[in-house]
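Trainee: Dumping the structure here so I can ask a few things about it.
There are 2 protein chains.
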Amino acid sequence: MTDIKIPLRDMRFAMRELLDWDQHYASLGYEEATPDLVDAILEEGAKFCENVLAPLNAVGDQQGCTWNDGEVTTPEGFKEAYQQFVEAGWPSLAHDVEYGGQGLPPSLGTLMSEMVGTTNWSWGMYPGLSHGAMNTLEAHGTEEQKATYLTKLVEGTWTGTMCLTEPHCGTDLGILRTKAEPNADGSYAITGTKIFISAGEHDMAENIVHIVLARLPDAPAGTKGISLFIVPKFLPTAEGSVGERNGVACGSLEHKMGIHGNATAVLNFDGAKGFLIGPPNKGLNCMFTFMNTARLGTALQGLAHAEAGFQKSLAYAKDRLQMRSLSGAKNPEGAADPIIVHPDVRRMLLTQKAFAEGGRMLISLCAQQVDRTHKGSDEDKKEAEDLLAFLTPIAKAFLTETGFESANLGLQCFGGHGYISEWGMEQNVRDARIATIYEGTTGIQALDLLGRKVLMSQGELLRKFTKQVHKFCQAEIDTEALAPFVSRLQELNKEWGDVTMHVGALAMENPDEVGAASVDYLMYSGYVVLGFLWARAAKVASDKLAAGEGDADFYRAKLATARFYFDRILPRTAAHAAAMKSGAGNLMDLDAEHFAF
Amino acid sequence: MTDIKIPLRDMRFAMRELLDWDQHYASLGYEEATPDLVDAILEEGAKFCENVLAPLNAVGDQQGCTWNDGEVTTPEGFKEAYQQFVEAGWPSLAHDVEYGGQGLPPSLGTLMSEMVGTTNWSWGMYPGLSHGAMNTLEAHGTEEQKATYLTKLVEGTWTGTMCLTEPHCGTDLGILRTKAEPNADGSYAITGTKIFISAGEHDMAENIVHIVLARLPDAPAGTKGISLFIVPKFLPTAEGSVGERNGVACGSLEHKMGIHGNATAVLNFDGAKGFLIGPPNKGLNCMFTFMNTARLGTALQGLAHAEAGFQKSLAYAKDRLQMRSLSGAKNPEGAADPIIVHPDVRRMLLTQKAFAEGGRMLISLCAQQVDRTHKGSDEDKKEAEDLLAFLTPIAKAFLTETGFESANLGLQCFGGHGYISEWGMEQNVRDARIATIYEGTTGIQALDLLGRKVLMSQGELLRKFTKQVHKFCQAEIDTEALAPFVSRLQELNKEWGDVTMHVGALAMENPDEVGAASVDYLMYSGYVVLGFLWARAAKVASDKLAAGEGDADFYRAKLATARFYFDRILPRTAAHAAAMKSGAGNLMDLDAEHFAF
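Protein sequences appear in the order of chains A and B. Counting in UniProt numbering, the first sequence runs from 1 upward without gaps. Counting in UniProt numbering, the second sequence runs from 1 upward without gaps.
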């Protein structure tokens, strides 16, 4: 089996050469995040991921988590790896110094999450969920809550979860039933059942801090009556250590398609002691802090599986001898040619490469905006928030859909061997499959993008982005090396606006037009956003080549991948545009009772 | 969990109303295949599949097959179900009366395979592989071989396999190494290792007839030196019963992503006694009899998983309450609306429906041609063979790709619940995943279509098909009810020819252009072929509606699905056409060493 190597060269390309993070960090006042420190962190992180986490990826899949009378045992080696991770200080990397953090930029934490996720997604979910809990506490917790819980989460000795889903409600949180009844001491008694709780119970940390949505007794119906609570597995003592067991228990673990190394728990809250975070009945708003972190974290998953599958299928394609090239033997001494000589194998490899590297650029762009929302000027903040609001649903849904496609192409490169467990390709597909579902399905992200972000802003958030694209195209219109990209990008950028107007007009007549267009709209947007990033990458590469700087082969490969993307991937926009324009009638006219006979 | 119902109404639509099998059977001289008998067989078969096979589908996945010192135990109930299947005479349905068969049309056997596969694909592979072995023996066996082996296979007391793949070769059979050395008695000693042998070892039948590719000592190198052998697990006695154990043993079973109920065996042949079928060194030609059967059988798998996923997700979508319709509550008394009110859920359901029902039409069309190759006049035979040669790679690759897409959409409709094993949706995805790989990957089917079938025939096989499409369009150009379909179909039909000319011209300069265009060409072709069938279905439906015949709701649903297909699925052709036209350079120019840094 191929060992995963962290693609540090490409990560540096995205963050440094494309997005100039060195300057970005300096301008935001992250003085400590010097290029040298950033490089040292990346290299140290890569080492940990390659040497410690990657070997546990198959183990996690094979052993899964085991439940025994409420206690959950994680796969062999998971706990020890987590101890090393904590000892090295990784959980604290990008968190507030006031609570024990290292105060480095959140975007550096994202790079670390990418490395962790690429080598072992299931393991990475344990610390991953903690980040969401930390962000929620940072934003909405009281000083006392921060002192008690946040410091432990930053340290990594405790982990966090996010408890939203109940058996009868996932997307539709307005109908959730978990109750929170006031106790005399100001705390609340939380009662109800939560399901699908990732990292919900395990043996890796001494305590688990559940962030739970529940209803107060007098709460209004629907989403306006939901409040947010901290419910620790063990109640902290006055000294801050682990005290009495709280009334929350893991009833069982789900049997699922993949991510076996992560415990997906059913949690029964039976009058468990909980502490309100943020104002009563505003839980959903507070939860969005967590959700946005989680959505970017999940967007990353698409990239992680695309990269892992790409690396393994590339190695296999260079090694596996099968058939001769149609244009003449390329390995005449061997029994056959390596399959990388075949155009269709290259199509599959390049698709994975274009989505992995393109996804890396998009994630890096988003992560950069998160830094700006933390430390930027007010104007900077507003701009970054708007861009992030627009890009988050695209990144989440588009990268996970294309990540799943990529994982499947990786498997396909292996032929029958891909279907067999030993190569790890089918695990990569099974693990990738959840990403288009949790943290809001592709359909939900699409409604968020088209309904809330684009149409509710009267197109403002879209225009801010298309203006950037337009500006780039105008600036490069005469750059010969970019000719294959710029005119096409300009056309699509215009069509994007037109199709939005078209759907917006239809939606004024019939709100179902939004849902009918939404997923095609999201995918269309994703292809154009990645097209913009690939065109910018091509610009960087052609500038470097013109200047004779750096490794010419690397930059030529960037140009070749950009060309592949524009020639063979971007035309998919046509199918999505046509589907969107066709209107809601072809979906809505058929009576529900007449779908089958 | 929803029980699968065999879609008899839709099967009758495809075979009877669209393709007029009643008349087709009568004209070929299948006198016994009267409408009444056909209906009785379908109903009896449906009952068996629904009641016996469907309940074993999850069992097969959970238990899998177990290997113990060369012996393989199938999941609980598999053996008993097979006994019932044999007792009811199902294996003999469409085979020659001379060898104990019922002499009914092969197409009826295809319908039975569809029903079996939709309820339990893994189980269906055991009798499924036997059909290929039977067809090979029918076409190439001696009278003695037929008397000895075919009768047992037709009876169902023995099953068959297909032993091609070796560890170092799958697609590239030219490099296979299994040896066949002549014994003094006219038999051969077969030595070598075969892998990925479906139904390769099990406890369901008293003997297993392996059809094995191997090389004679003096065989020329490459594909022209391969011969075909019968290697039974137990050597038959002179009386035709099971005798001495032969030198073939199951070394292990593969651990794989899905189809756990079917044993994927490593078979070690250690001087096993084998009997040559067909002429020496012509084994690959003989094997194609088997392969074509198997390819249509696998095409069916796409349809089977699309149908199974569709039925389950449709039931769930009507039942699951989540969120309100954007155009106002549709279930105001409930806590929320059933998710089938949401346009995007309908998009996912209709995509599955369009591929399942469209796939059914395509399979039925192919099965009809198989009947004609058996019993038609010489002219009829030639026409059917040509059409089958053209449609087989399309059906195999396109239906399995869209079947996998459909299975994934079925899972997606369930949200997080789809990822959990209990609903069966993730099993459906895992089982479906193999279909684009075995019996020739999508890439191999695509080369077969574009290279061998279309370009090597100078476009003749394509033209025969596009002429039919053209004829239909000309005849219906003024039919108002078909207006949304006919003009679009005509355009695509013309573009199909143009794009073929374009790629053909490029390929004259550079043979890699074939491989570079092939998969996009295949998918493009598949969308147009299904478009043609959906347009014809729309014609049948609109005629019935105009005449006031039959269940109007059924026909209206057909028209609605055709419209959905034309509006929202067929535009994908644009993306494939653009990718094909972009040429091989964007795939071939990048040096293999520069795919990653």
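Built from N, CA and C at the ideal position, the CB exists for glycine as well. Here the structure is a predicted model, which is why all the values come from computation and not from measurement.
Give me, in chain order, the residues of the same chain whose beta-carbon lies closer than 8 angstroms to that of residue 157(B); leave out the 5 immediate sequence neighbours on both sides.
Mentor: Along the second sequence, one-based indexing puts residue 157(B) at 157. Around residue 157(B): 86, 205, 206 and 207.
Trainee: Going along chain A, which residues have a C-beta under 7 angstroms from residue 438(B)?
Mentor: Taking the first residue of the second sequence as position 1, residue 438(B) is located at position 438. Chain A residues near residue 438(B): 416.
Trainee: For a cutoff of 7 angstroms on Cβ pairs, would you count residue 125(A) as touching chain B?
Mentor: Within the first sequence, the letter at position 125 stands for residue 125(A). By this cut-off, residue 125(A) is not an interface position.
Trainee: Does chain A have any CB closer than 7 angstroms to the CB of residue 216(B)?
Mentor: By 1-based counting over the second sequence, the position of residue 216(B) is 216. Output row for residue 216(B): interface = no.
Trainee: Any idea what DSSP makes of residue 539(A), helix, strand or coil?
Mentor: For the purposes of this step, residue 539(A) is taken as residue 539 along the first sequence, with counting starting at 1. The answer is helix: DSSP assigns residue 539(A) an H, G or I state.
Trainee: Give, in chain order, every unbroken run of the alpha helix (DSSP H) that is at least 4 residues long and sits entirely within the stretch 347-428 of chain B.
Mentor: The qualifying runs are 378-413 and 416-419.
Trainee: Please tell me whether residue 75(B) and residue 200(B) are closer than 7 angstroms, where the distance is taken between their beta carbons.
Mentor: Here residue 75(B) refers to the residue found at position 75 when the second sequence is read from its first residue. Here residue 200(B) refers to the residue found at position 200 when the second sequence is read from its first residue. No. Outside cutoff.
Trainee: In whole angstroms, what is the alpha-carbon distance linking residue 310(A) and residue 596(B)?
Mentor: Walking along the first sequence from the start, residue 310(A) turns up at place 310. Walking along the second sequence from the start, residue 596(B) turns up at place 596. Distance between the alpha carbons of residue 310(A) and residue 596(B) is about 9 angstroms.
Trainee: According to the Cβ coordinates, are residue 492(B) and residue 528(B) closer than 7 angstroms?
Mentor: As a first step, residue 492(B) is located in the second sequence; it is residue number 492 there, counting from the start. As a first step, residue 528(B) is located in the second sequence; it is residue number 528 there, counting from the start. Yes, these two residues count as a Cβ contact at 7 angstroms.
Trainee: DSSP has residue 179(B) in a bridge; who is on the other side?
Mentor: The residue labelled residue 179(B) in the question sits at position 179 within the second sequence. 191(B) and 215(B).
Trainee: Going by DSSP in three states, residue 246(B) sits in which element: helix, strand or coil?
Mentor: Start at 1 with the first residue of the second sequence, and residue 246(B) comes out as number 246. Residue 246(B) falls in the coil class under three-state DSSP.
Trainee: Taking only three categories from DSSP, how would you classify residue 227(B)?
Mentor: Here residue 227(B) corresponds to residue number 227 of the second sequence, with the count starting at 1. In this structure, residue 227(B) counts as strand in the three-state DSSP scheme.
Trainee: Based on Cα-Cα distance, which residue from 281(B), 224(B) and 251(B) lies nearest to residue 269(B)?
Mentor: In the second sequence, counting from the first residue as 1, residue 269(B) sits at position 269. Nearest C-alpha to residue 269(B): 251(B).
Trainee: What residue ranges within the stretch 54-82 of chain B form continuous alpha helix (DSSP H) runs of no fewer than 4 residues, ordered along the chain?
Mentor: List check, alpha helix (DSSP H) in window: 56-63.
Trainee: How far does the beta strand (DSSP E) with residue 269(B) in it reach, from first residue to last?
Mentor: In the second sequence, residue 269(B) corresponds to position 269, counting from 1. Run containing residue 269(B): 264-277, per the beta strand (DSSP E) assignment.
Trainee: What residues from chain B crowd round residue 165(A), counting only those whose CB sits closer than 7 angstroms?
Mentor: Position 165 of the first sequence, counting from 1, holds the residue named residue 165(A). Going along chain B in sequence order, the residues near residue 165(A) (Cβ under 7 angstroms) are 416.
Trainee: Output yes if chain A places a C-beta closer than 7 angstroms to the C-beta of residue 531(B); else output no.
Mentor: The count along the second sequence starts at 1 and reaches residue 531(B) at position 531. Chain A contact via Cβ: absent.
Trainee: Return the CA-CA distance between residue 437(B) and residue 394(B), expressed in angstroms with no decimal places.
Mentor: One-based indexing of the second sequence puts residue 437(B) at position 437. One-based indexing of the second sequence puts residue 394(B) at position 394. Distance between the alpha carbons of residue 437(B) and residue 394(B): 14 angstroms.
Trainee: Below 7 angstroms between beta carbons is the criterion; list the residues of the stretch 561-577 of chain A that meet it against any residue of chain B, in chain order.
Mentor: Correct list: 563, 564, 567, 568, 571, 572, 574 and 575.
Trainee: Contact criterion: CB-CB distance below 7 angstroms. Does residue 484(A) meet it with respect to chain B?
Mentor: For this step, residue 484(A) is matched to residue 484 along the first sequence. Taking Cβ atoms only, chain B never reaches closer than 7 angstroms to residue 484(A), which makes this a no.
Trainee: Examine the Cβ distances between the stretch 416-436 of chain B and the stretch 453-464 of chain A and report whether three or more of them are shorter than 8 angstroms.
Mentor: With the cut-off at 8 angstroms, the stretch 416-436 of chain B and the stretch 453-464 of chain A do not touch.
Trainee: Does the distance from the CB of residue 345(B) to the CB of residue 317(B) come in under 7 angstroms?
Mentor: Within the second sequence, residue 345(B) is the residue found at index 345, counting from 1. Within the second sequence, residue 317(B) is the residue found at index 317, counting from 1. Closer than 7 angstroms, so yes.
Trainee: Put residue 331(B) into one of helix, strand or coil per three-state DSSP.
Mentor: By one-based count along the second sequence, residue 331(B) stands at place 331. If DSSP states are grouped into helix, strand and coil, residue 331(B) belongs with coil.
Trainee: If you check the beta carbons only, do residue 202(B) and residue 421(A) fall under 7 angstroms apart?
Mentor: Indexing the second sequence from 1 puts residue 202(B) at position 202. Indexing the first sequence from 1 puts residue 421(A) at position 421. Not in contact: residue 202(B) and residue 421(A) (Cβ atoms no closer than 7 angstroms).
Trainee: Select from the stretch 320-343 of chain A all residues with a C-beta closer than 7 angstroms to any C-beta belonging to chain B, and list them in chain order.
Mentor: Against chain B - using a Cβ distance shorter than 7 angstroms - the residues of the stretch 320-343 of chain A are 322, 323, 326, 327, 335, 336, 340, 342 and 343.
Trainee: So, using beta-carbon positions, are residue 216(B) and residue 283(B) closer together than 7 angstroms?
Mentor: Residue 216(B) sits at position 216 when you count from the first residue of the second sequence. Residue 283(B) sits at position 283 when you count from the first residue of the second sequence. Against a cut-off of 7 angstroms, the Cβ pair of residue 283(B) and residue 216(B) comes out as no contact.
Trainee: Return the residue from the list 580(A), 577(A) and 537(A) that minimises the CA-CA distance to residue 560(A).
Mentor: Along the first sequence, read from residue 1 onward, the residue named residue 560(A) stands at position 560. Nearest option by C-alpha distance: 537(A).
Trainee: Report the three-state DSSP secondary structure of residue 303(B) (helix, strand or coil).
Mentor: Taking the first residue of the second sequence as position 1, residue 303(B) is located at position 303. In the structure shown, residue 303(B) sits in a helix (DSSP, three-state: H, G or I).
Trainee: Is DSSP giving residue 255(A) helix, strand or coil here?
Mentor: If you number the first sequence from 1, residue 255(A) lands on position 255. DSSP places residue 255(A) in coil when its eight states are reduced to three.
Trainee: Quick one: list the residues of chain A neighbouring residue 301(B), beta-carbon separation under 7 angstroms, in chain order.
Mentor: By 1-based counting over the second sequence, the position of residue 301(B) is 301. Correct list: empty, because the minimum Cβ distance to chain A is about 13 angstroms.
Trainee: How close, in whole Å, do the beta carbons of residue 193(A) and residue 166(A) come, if the pair is a contact with beta carbons under 8 angstroms?
Mentor: Within the first sequence, residue 193(A) is the residue found at index 193, counting from 1. Within the first sequence, residue 166(A) is the residue found at index 166, counting from 1. Yes, residue 193(A) and residue 166(A) are in contact; Cβ-Cβ is about 6 angstroms, under 8 angstroms.
Trainee: Where does residue 198(A) sit, in a helix, a strand or coil, going by DSSP?
Mentor: Here residue 198(A) refers to the residue found at position 198 of the first sequence. Residue 198(A): strand per DSSP, three-state reduction.
Trainee: Give a yes or no on whether the C-beta atoms belonging to residue 129(A) and residue 109(A) are separated by under 7 angstroms.
Mentor: One-based indexing of the first sequence puts residue 129(A) at position 129. One-based indexing of the first sequence puts residue 109(A) at position 109. Cβ atoms of residue 129(A) and residue 109(A): not closer than 7 angstroms.
Trainee: Along the alpha helix (DSSP H) that carries residue 500(A), what are the first and last residues, could you check?
Mentor: Residue mapping note: residue 500(A) aligns to position 500 of the first sequence, counting from 1. Taken as a continuous stretch (DSSP letters only), the alpha helix (DSSP H) holding residue 500(A) covers 483-509.
Trainee: Against chain A, does residue 519(B) count as a neighbour if the rule is that its beta carbon must be under 7 angstroms from one of theirs?
Mentor: The count along the second sequence starts at 1 and reaches residue 519(B) at position 519. For residue 519(B), the answer is yes, since a Cβ of chain A falls inside 7 angstroms of its Cβ.
Trainee: Run through the stretch 114-190 of chain A for me and flag every whole beta strand (DSSP E) of 3 or more residues, listed as ranges in chain order.
Mentor: The stretch 114-190 of chain A contains these whole beta strand (DSSP E) runs: 158-163 and 179-182.
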